[in-house]
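Here is the structure we will look at, set down as structure tokens.
Residue numbers (my numbering): 2 to 112.
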């Protein structure tokens, strides 16, 4: 649960920073018309939070599956799940990634 809270806090801060960058780049005095065909519509804050929550759920499900595989003695399966977490392109807190790296190393050692 602590990992989920850390992931959520990190995700919220990333979303807030992205919204601030976007709003900083757009000034109220700007009269540039943007065509909707060239730029996709920006996501609302609730969509960003929803997407981040789904990413957190994916991380937690993968970690749970990796730990279950490790406990069952399926070390290659555990390695695969931990590798997917570590090598994913989604942002994750360093402490969470360090935990996954340590557990993956433990699975390699046990294999």
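Cβ atoms here follow ideal geometry from the backbone N, Cα and C, with glycine treated the same way. These figures come from a predicted structure and were not determined experimentally.
{"Check": "Whole beta strand (DSSP E) elements within the segment 45-97, 3-residue minimum", "Outcome": "none"}
{"Check": "Member of 52, 7, 71 whose CA lies at the smallest distance from the CA of residue 103", "Outcome": "71"}
{"Check": "Cβ-Cβ distance between residue 83 and residue 7 below 8 angstroms", "Outcome": "no"}
{"Check": "Contact belief for residue 76 with residue 106 at Cβ below 8 angstroms, rounded distance in angstroms", "Outcome": "With a Cβ gap of about 11 angstroms, residue 76 and residue 106 do not count as contacting."}
{"Check": "Where residue 14 falls, given that 16 or more other Cβ within 10 Å makes a residue buried", "Outcome": "exposed"}
{"Check": "Euclidean distance between Cα positions of residue 44 and residue 110", "Outcome": "44 angstroms"}
{"Check": "C-alpha gap between residue 47 and residue 54, whole angstroms", "Outcome": "10 angstroms"}
{"Check": "Residue from 62, 73, 74 whose Cα sits closest to the Cα of residue 85", "Outcome": "62"}
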